[in-house]
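Enquirer: Protein chains in written order, with numbering that gives the first Met the number 0: chain A, 0 to 341; chain B, 0 to 341; chain C, 0 to 341; chain D, 0 to 341. For every residue, glycine included, the Cβ atom is placed at its ideal position computed from N, Cα and C. Got a structure here, written out as structure tokens. Questions coming.
Number of protein chains: 4
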Amino acid sequence: MRVGLLTGGGDCPGLNAVIRAVVVTGVRRYGHQHVGLLGGWRGLLERRSRPLTPRDTAGILARGGTILGSSRTNPFKDGGGARAAESAAAMGLDAIVAIGGEDTLGAARRLHDEFDLPVVGVPKTIDNDLAATDYTFGFWTAVQIASDAIDRLKTTAESHDRAIVVEVMGRHAGWIALTAGLAGGADAILIPEVPTSLERVGAFIEERRLRGRHFSLIVASEGVQLEGDEVDDAERDDFGHVSLADIAVGERLSAGLRARLDVDVRAVVLGHVQRGGTPVAFDRVLATRCGVRAAELVAEGGFGRMAALRGDAVVDVPLTEAVAELKVVPPELYQQAAVFFG
Amino acid sequence: MRVGLLTGGGDCPGLNAVIRAVVVTGVRRYGHQHVGLLGGWRGLLERRSRPLTPRDTAGILARGGTILGSSRTNPFKDGGGARAAESAAAMGLDAIVAIGGEDTLGAARRLHDEFDLPVVGVPKTIDNDLAATDYTFGFWTAVQIASDAIDRLKTTAESHDRAIVVEVMGRHAGWIALTAGLAGGADAILIPEVPTSLERVGAFIEERRLRGRHFSLIVASEGVQLEGDEVDDAERDDFGHVSLADIAVGERLSAGLRARLDVDVRAVVLGHVQRGGTPVAFDRVLATRCGVRAAELVAEGGFGRMAALRGDAVVDVPLTEAVAELKVVPPELYQQAAVFFG
Amino acid sequence: MRVGLLTGGGDCPGLNAVIRAVVVTGVRRYGHQHVGLLGGWRGLLERRSRPLTPRDTAGILARGGTILGSSRTNPFKDGGGARAAESAAAMGLDAIVAIGGEDTLGAARRLHDEFDLPVVGVPKTIDNDLAATDYTFGFWTAVQIASDAIDRLKTTAESHDRAIVVEVMGRHAGWIALTAGLAGGADAILIPEVPTSLERVGAFIEERRLRGRHFSLIVASEGVQLEGDEVDDAERDDFGHVSLADIAVGERLSAGLRARLDVDVRAVVLGHVQRGGTPVAFDRVLATRCGVRAAELVAEGGFGRMAALRGDAVVDVPLTEAVAELKVVPPELYQQAAVFFG
Amino acid sequence: MRVGLLTGGGDCPGLNAVIRAVVVTGVRRYGHQHVGLLGGWRGLLERRSRPLTPRDTAGILARGGTILGSSRTNPFKDGGGARAAESAAAMGLDAIVAIGGEDTLGAARRLHDEFDLPVVGVPKTIDNDLAATDYTFGFWTAVQIASDAIDRLKTTAESHDRAIVVEVMGRHAGWIALTAGLAGGADAILIPEVPTSLERVGAFIEERRLRGRHFSLIVASEGVQLEGDEVDDAERDDFGHVSLADIAVGERLSAGLRARLDVDVRAVVLGHVQRGGTPVAFDRVLATRCGVRAAELVAEGGFGRMAALRGDAVVDVPLTEAVAELKVVPPELYQQAAVFFG
């Protein structure tokens, strides 16, 4: 069997570990052959590929990024599924392993359902907002990096009577903020699932002050919604070409608090450090096990399915589940965490 | 309610996080009061304690060790359960939260079942060999430390044409070895569940050599059994008081291979670094959530039960489950991993 | 002798290690007594202090921040040197150990020269821009944190054909950018000492592209000057109260490049993570040795002097040297580094 | 000019950074060509080499080990200097850059002095015991790793009333033990330069106990001499082939203390983790700067010399200095550190 692999969407620690596991397991257990499709679905559409042997994957397990490159190309927007199916045939692919997030897996599902392409999926999102799996690889690496940063910032906040707002990733779900905030002992955690406002955050800091706590460490998801903070893509400045919409919510929150309170408030926007570099051990193992399951699915003909973590087992579920529903932080969990605030 | 907390057995990253979570949740949600029993069950028997308020637990979340001290005292060996029950009454304890491994939880279960003590458990073992829970806190910290060490040792092994044996913890189960070995891309993994011999390991190294791989990185559980390696507590040397039985299996394996092969073989015995120090984010969060569940169990009167992780949920199970069965590495999982060897 | 200690100015990993070393060495070698002045010079002016014994300093060696708090209070602006001298007399201080940067040590020097206060200094700046010492503690911690972030960001930049601008600290001197950029293998390094422009940075990225390098990792000091990038404190936005002047140069540079090039450009502003948290081993040792030297200076009556690193020796120099001259990156060193760019 | 590079002796973080810096600087500034000699001096004697271009060195800056391999081959023992000189001529080498420790640089010096080979040196030892340079690259990485391990072990020692002996590298000089011990706040530090005995170490632990400190963390150099601990290469055991001489001093010390005291004593022998893996930022920069200086020396014809760190400058000194004298820990420095013991 000739298997094509591709990685789509944003960066995520563990992509290379999946690639290695698919190739090593495929070759050694099943005698598969592999090609890497370059730059996500674009590699399929443009028929750009490289051979992939176990030797090519030596040493990549611990490396961040993806040796196959990535893109946001979506075959259903950029050429149509028919063209993807033609490419797969022309390239002699008997199976495709698509490693990616909602968008990549959504395309995978449609290519399977509508064009009968033999696709297997591996879910990827550092945000951990896929309902079909307990955890996605990359998530615990992002959380560890954020937690390490919070550890560092706490001593600074305490020693200098400061409020520090740490913005972490999470556009639609607050998993990274909640988890890293719990791990770091944050004084408050702001997530998209729980609406708040500049007033309420300011009142919280003031109330702490009255209790003698002159510092506060607040973790905020990039996707948190603050009442009254509707940012339009306003007229841009000539030099910097910066508009308010470009400014991270952590910066806006921090500036707003500074203007309102007699407190030294600073923002730290962790940004892309959360999604690059070597994965933590948990993610290396999860990514490896997902890759093994994907190779098994290829061998078993389990197309239209993807690897998923359930408890301590890696199982498989239909691709439809990957895109069915966004997994958000449930209110009870947030309330449990909120007991530690203040 | 007046709640006594104790930590028993060996060190494990996350103990302080559990203590903090029980106290903060107990006080803020339920109005509980807490005392720390010092040195495990010994603290109960000897009625040695300290008060525990949320303020006492400030800043301990990220700290290794346990602020309550620990011991291997077992009330059923050292004084009898009756004496423990008397102490609990004399100290006015309405509940006891026992954080520990098989031995500590076994005693907890008997105190509950035989003496009607209101005990709640939190399982603790870096070895991850408890059947009742997907993961125990401390495990992923141990794995991360071992995986970091393997990352470092690989470049040395490769550059110097060397075989390196890394011994990690795991007396009865190979979880740390298997998981850290997978995360680090070990060339072979030796675990208690899969018997091997010096001959076989030597042949493996030789066979790699013939394929041009002049280095090998082998991860071994401390509990691995090598045929023919029966170590008696032989006559001790006068100065060092060292007997062969004191020598780690990694050292014995390495010395045996050195004598047998024309290869530079080195042993690294990671030892106690694996169980001390700050927990990784996963373990901080798991420990915190187990502490929250324990406080809830106290409030609900859920005695004779303990917190457990199932998937991404922290639930509770009877204490009997904790000690029912050792969770060992299943053959299929080892075989999946073995595909990466060689 | 009764010795007052204070820490002034911004946070810097190693402050607590200095405090511990002064106290332990002072007590054990010389029988000194110590008090901590709270919140920098403000603690002296307001006579707010706490006792400091070796026991009080147990466990602080590795902790970030400062147990004495800090402030930017300058006695010559906020009360006058005479008031400081009065306080010192009233508090019975026979010596003051002032740990701080240019501002704190400048005040220390004037208090010594003009008011005859028995002051000893310990230089502190993560920017490493003091001419009197080879390195200041805190610097290598900041560099390590920045270098770790660059390691993570490189794989992301490479996998996603991206330009990433990493802004690090360094208002007046480019030491952190240059050193972390060298350690991380940056593609370009922008520092205050070497003027550049948006055009030149854009041309650099384009030129790499033409050579097939579709990614670039650029490290920039917060103090870098870009021609044409004069930011006024423009009219502030109603909600966010954010003006362009609040926006980090890394963000402005990134937005400018994005507008100009057909490249995905991202900014990461590391900010305060660089100056908080546990010090690297180098800084723990340097801080400890500086504290030892400060205690020795107190015992020897070496007032008006401060500890300094020269080669592998910690010596002492007049306080005047601390503030004499800013140590900037010499052109030759930048040129050596620039060979690695591109 | 055609330049041969080689790395000799034991592993040391930073070797690849030196190789990269020599090649990049040599090519871009001087138009040099480079070949890598494989396996240290053996590569020269056996004329085994690989080409080295800047492209070959991409991505190796942060990687541990050496891409050229290493060996302990000494041309003066294994073939004679004349054969080395012949090889150099036959391979068309106009210069050789030898990166290594005392042994490698000693051979380099003799090849230069006796056979007129155009050799430039770069000193390498994680032990930091070369008098000619303030610090050697690799040292601060080893210290950081040891310091991190001590951080982890302290909480375990404290929580479990234990004495822990941490053995670190340093056969002839105690630099790693002293420096990591200071950085980690060790309770005692044992180094080769200061003789001690099992009795004295035991008395120290007992005396702490009497003062209520039931734990002790002791850092020992592998080269520390304990009175009465003369280990012969005694008769070897049949299976393990382990003799007492194979047992690390940390293990012997720990076993001896255990037999003597009523204390739980554990040994941790850090071993090879100290010399593998990615270098800390300090060592990446130092190694890079040494490589730059070596390339400059080649271009300037500065043969018979080697790069050295003096203060914050990388200079060059005669190769004779490298091997002139062992740099040991001076008594004053040890006494300063000893103030923190106990």
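Which residues of chain B have a Cβ atom closer than 8 angstroms to the Cβ of A/E134, listed in chain order?
Expert: Before going further, note that residue 134 of chain A is Tyr rather than Glu in the sequence given. Those are D311, listed as they occur along chain B.
Enquirer: Does the Cβ-Cβ distance between C/A176 and C/L189 come in under 9 angstroms?
Expert: Yes, Cβ-Cβ distance for C/A176 and C/L189 is below 9 angstroms.
Enquirer: On the criterion of 16 or more Cβ atoms from any shown chain inside 10 Å, does B/R19 qualify as buried, or is it exposed?
Expert: By the neighbour-count rule (16 or more Cβ atoms within 10 Å), B/R19 is buried.
Enquirer: What's the gap between the Cα of C/D237 and the Cα of A/A258?
Expert: Confidence is the limiting factor: at C/D237 the pLDDT is only 41, short of 50, which leaves the residue's position unreliable and the question unanswerable from this model.
Enquirer: How about C/D186: is its C-beta nearer than 9 angstroms to some C-beta of chain A?
Expert: By this cut-off, C/D186 is not an interface position.
Enquirer: Determine the chain B residues that contact D/Q157 at a beta-carbon separation under 7 angstroms, and present them in chain order.
Expert: The question names Gln, yet the displayed sequence has Glu at residue 157 of chain D. Correct list: G64.
Enquirer: Beta strand (DSSP E) containing B/V165: first to last residue?
Expert: It spans R161 to V167 - the beta strand (DSSP E) in which B/V165 sits, taken as one unbroken run.
Enquirer: Put B/G249 into one of helix, strand or coil per three-state DSSP.
Expert: Helix.
Enquirer: To which residues does DSSP link D/M305 through a beta bridge?
Expert: The partner list for D/M305 (beta bridge, DSSP) reads D/G120 and D/V316.
Enquirer: Taking the beta carbon of B/D282 as the centre, do at least 16 other beta carbons fall within 10 Å, making it buried, or is it exposed?
Expert: By the 10 Å Cβ count, B/D282 comes out buried.
Enquirer: Would DSSP call C/V193 helix, strand or coil?
Expert: Three-state DSSP puts C/V193 in coil, outside helix and strand.
Enquirer: To test your reading of the DSSP string, which unbroken beta strand (DSSP E) runs of 3 or more residues are found completely within the stretch 81-106 of chain D?
Expert: You should have 94-99.
Enquirer: Between A/D112 and chain B, is the shortest Cβ-Cβ distance under 9 angstroms, so that the two count as touching?
Expert: No, no contact with chain B.
Enquirer: Which bits of chain B does A/F214 rub up against, with CB to CB less than 7 angstroms?
Expert: Simply none; closest approach about 12 angstroms.
Enquirer: Exposed or buried, what is C/K153 when buried is set at 16 or more other beta-carbons lying within 10 Å of its beta-carbon?
Expert: By the neighbour-count rule (16 or more Cβ atoms within 10 Å), C/K153 is buried.
Enquirer: Which class does D/E221 belong to by DSSP, given the choice of helix, strand or coil?
Expert: D/E221 falls in the coil class under three-state DSSP.
Enquirer: Is A/L51 helix, strand or coil by DSSP?
Expert: A/L51 falls in the coil class under three-state DSSP.
Enquirer: Counting along the chain, where does the beta strand (DSSP E) carrying D/D186 start and finish?
Expert: Note, D/D186: premise wrong, no beta strand (DSSP E); not H, not E.
Enquirer: With which residues is D/V267 paired in a DSSP beta bridge?
Expert: D/V165.
Enquirer: Assess, as a yes-or-no matter, whether the stretch 312-320 of chain A is touched by the stretch 285-304 of chain A under the definition of 3 or more beta carbon pairs within less than 8 angstroms.
Expert: Yes, they touch.
Enquirer: Can you pull the DSSP bridge partners for C/H33?
Expert: C/H33 pairs with C/V2.
Enquirer: If you draw a straight line from the C-alpha of C/A172 to the C-alpha of C/M305, how long is it?
Expert: The alpha-carbon atoms of C/A172 and C/M305 are separated by roughly 22 angstroms.
Enquirer: Expressed to the nearest angstrom, what Euclidean distance is found between the alpha-carbon atoms of B/S69 and B/G137?
Expert: Cα-Cα distance, rounded: 16 angstroms.
Enquirer: Within 10 Å of its beta-carbon, does C/P329 have 16 or more other beta-carbons around it, so buried, or fewer, so exposed?
Expert: C/P329 comes out exposed.
Enquirer: Kindly indicate which three-state DSSP category D/E331 falls into: helix, strand or coil?
Expert: Here D/E331 sits in helix by DSSP.
Enquirer: With a threshold of 8 angstroms, are at least 3 pairs of Cβ atoms found where one atom belongs to the stretch 89-97 of chain D and the other to the stretch 260-274 of chain D?
Expert: Counting Cβ pairs under 8 angstroms, fewer than three are found: no touch.
Enquirer: Given a threshold of 16 other Cβ atoms within 10 Å of its Cβ, counted over all protein chains shown, does A/K326 qualify as buried or as exposed?
Expert: Buried is the call here.
Enquirer: How would you call D/L209, buried or exposed, if buried means at least 16 neighbouring beta carbons within 10 angstroms?
Expert: Exposed.
Enquirer: At the 9 angstroms Cβ level, is B/K153 part of the contact set with chain D, yes or no?
Expert: Yes, B/K153 counts as interfacial toward chain D.
Enquirer: Using a 10 Å radius around the Cβ and a threshold of 16 neighbouring Cβ atoms, would you call B/R288 buried or exposed?
Expert: Classification for B/R288: buried.
Enquirer: Strictly below 9 angstroms CB to CB, what residues from chain C border D/V297?
Expert: Those within 9 angstroms of D/V297 in chain C number zero; the least Cβ separation is about 14 angstroms.
Enquirer: Tell me, please, whether the CB atom of D/I125 is closer than 9 angstroms to any CB atom in chain B?
Expert: For D/I125, the answer is no, since every Cβ of chain B falls outside 9 angstroms of its Cβ.
Enquirer: Hey, how far is the Cα of B/G184 from the Cα of A/T178?
Expert: If I take the Cα positions, the gap works out to 28 angstroms.
Enquirer: Out of D/G39, D/G180 and D/A307, which one is the CA nearest neighbour of D/Q143?
Expert: Considering only alpha carbons, the answer is D/G180.
Enquirer: Is there a C-beta anywhere in chain B that falls below 9 angstroms from the one on D/R199?
Expert: Cβ-Cβ to chain B under 9 angstroms: no for D/R199.
Enquirer: For the stretch 39-65 of chain D, list every residue whose C-beta sits within 7 angstroms of some C-beta in chain C, in sequence order.
Expert: Those would be L60 and A61, in chain order.
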